[in-house]
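Residue numbers (the UniProt record's numbering): 1 to 322.
Worksheet: the structure to be examined is printed underneath.
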Amino acid sequence: MDSEIKEEIPVHEEFILCCGVETQVLKCGPWTDLFNDQSANRPKLLIFVITGFSAAYVPFVKALYSSVNKRFPVWVISHAGHALAPKDKKILTTSDDPNAQEVEDIYGLCGQVEHKLAFLRTHVPKEMKLVLIGHSIGCYISLQILKLAPELPIIRSLLLFPTIERMSESPNGRIATPLFCRFRYALYVSAYLLLKPWPEKIKSLMIRKYLQMMNLQTEFSLLNMLEPFCLVNAAYLASQEMMDVVKRDNETIKEHLSKLTFYYGTVDAWCPKEYYEDMKKDFPEGDIRLCEKKIPHAFVLGFHQEMADMVADWLKDDLSKI
1 MDSEIKEEIP
11 VHEEFILCCG
21 VETQVLKCGP
31 WTDLFNDQSA
41 NRPKLLIFVI
51 TGFSAAYVPF
61 VKALYSSVNK
71 RFPVWVISHA
81 GHALAPKDKK
91 ILTTSDDPNA
101 QEVEDIYGLC
111 GQVEHKLAFL
121 RTHVPKEMKL
131 VLIGHSIGCY
141 ISLQILKLAP
151 ELPIIRSLLL
161 FPTIERMSES
171 PNGRIATPLF
181 CRFRYALYVS
191 AYLLLKPWPE
201 KIKSLMIRKY
211 LQMMNLQTEF
221 SLLNMLEPFC
231 LVNAAYLASQ
241 EMMDVVKRDN
251 ETIKEHLSKL
261 TFYYGTVDAW
271 CPKEYYEDMK
281 KDFPEGDIRL
291 CEKKIPHAFV
301 LGFHQEMADM
311 VADWLKDDLS
321 KI
């Protein structure tokens, strides 16, 4: 199945200037410009995936595109500051970006929310229906989009392994909080001193070995995982997540509950099973699911097909109406 997906499904890579920051967008399917496509088969819906290092999700978005019968585009966006364009890659600009001069602290948590909103407002037609898929902190960002942009025609939002509360209290959070909040600057210095001098060939070799170990295949470069600039921004965002993602936004969840699907893991040290149980207790009528397959938080490492099949099944009724 994976080899078939890799051969048959096109994925188009773009680097755009969004809010003044280089941003990687990977577009799965033949539709790359939804504004200027006036053809009869232009889709009426976009599946929009919000993650971290976007290139790692290529197998998932391909599998999902296939699982929805190739009817709708599946796009995945990087966080601001988490991807740098290769030297030979053209960076596309949008002259009418309404938020280009307004976003403060673009690499922080609030800035990342505004970054995604700016993209949706400038690169997706207003009438196009949306499905948001958030993974990890992408779930928090998805909820903020629902809260801040009620004008967007979002019909569903799927929150996979949702880090939307008590991050610093989670098993992983208790380790990550002192690391990112107290020793962040030591990490910055280490990243630049250790990684900056490395030749690109060495970095590429290390990434390839890592991908082989993790059984992850992607045709797009993951060198950003070893770029000090990107790692520093990722650490900065993580520090804000530990401090700010504390109390669950029950008001937004209640308002949009009919659109939401939550998927919690049983072996997830970022949002342990008790968070699922608390959600079920507070929102008994909600679509709140617990993984029965022991899929890890980082599901792209070996479980992308299983997740894509489940997501497509959850969306089946909604997409049949489009």
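Every residue gets a Cβ at the ideal spot worked out from N, C-alpha and C, and that includes glycine.
Check	Outcome
Going by alpha carbons, who is nearest to residue 289 out of 172, 176, 273, 80?	273
For the ligand FAD, is there a heavy atom less than 8 Å away from the beta-carbon of residue 178?	Questions concerning the ligand FAD fall outside what the structure shown contains, since it holds no ligand whatsoever.
Exposed or buried, what is residue 268 when buried is set at 16 or more other beta-carbons lying within 10 Å of its beta-carbon?	buried
From 254, 238, 58, pick the residue whose C-alpha is nearest to that of residue 181; which is it?	238
Quick one: Cα of residue 159 to Cα of residue 255, how far?	16 Å
Exposed or buried, which one is residue 86 when buried takes at least 16 other CB atoms within 10 Å?	exposed
Of the choices 55, 154, 276, whose alpha-carbon is the least far from that of residue 76?	55
Between residue 325 and residue 34, what straight-line distance do the alpha-carbon atoms span, to the nearest angstrom?	What is shown of the chain runs 1 to 322, which leaves residue 325 out entirely.
Just tell me which of 40, 59, 44 has its CA closest to the CA of residue 309.	59
Do residue 157 and residue 173 have their CB atoms nearer than 9 Å?	no
Buried or exposed: where does residue 83 fall if 16 or more other Cβ atoms within 10 Å of its Cβ makes it buried?	buried
Buried or exposed: where does residue 183 fall if 16 or more other Cβ atoms within 10 Å of its Cβ makes it buried?	exposed
With a floor of 4 residues, list each alpha helix (DSSP H) that falls wholly inside the segment 38 to 122, ordered by position along the chain.	58 to 67
Excluding the 5 residues flanking residue 325 on each side, which residues of the same chain have their C-beta closer than 6 Å to its C-beta?	There is simply no residue 325 to check, as the chain begins at 1 and stops at 322 in what is shown.
From residue 121 to residue 53, what distance separates their C-alpha atoms?	22 Å
Report the CB separation of residue 129 from residue 153 in whole angstroms; it is logged as a contact under 8 Å.	5 Å
Tell me whether residue 258 is buried or exposed, calling it buried when 16 or more other Cβ atoms sit within 10 Å of its Cβ.	exposed
According to the Cβ coordinates, are residue 19 and residue 111 closer than 9 Å?	yes
If I measure Cβ to Cβ from residue 144 and keep anything under 6 Å in the same chain, skipping five residues before and after, which residues do I get?	113
Under three-state DSSP, which class holds residue 169?	helix
Which residue from 70, 13, 247, 236 puts its Cα closest to that of residue 163?	247
Quick check on DSSP: helix, strand or coil for residue 187?	helix
Should residue 322 and residue 286 be called a contact, given that it needs their Cβ atoms to be closer than 9 Å?	no
Given this structure, state the Cα-to-Cα distance separating residue 81 from residue 175, to the nearest angstrom.	24 Å
Indicate the three-state DSSP secondary structure (helix, strand or coil) for residue 129 in the structure shown.	strand
Could you tell me which of 149, 249, 167, 127 sits nearest to residue 42, measuring between CA atoms?	127
Please name the residue in 284, 280, 79 whose C-alpha comes closest to that of residue 231.	79
At which residue ranges does the segment 244 to 301 contain complete beta strand (DSSP E) runs of 3 or more residues, listed in the order of the chain?	260 to 264, 287 to 290
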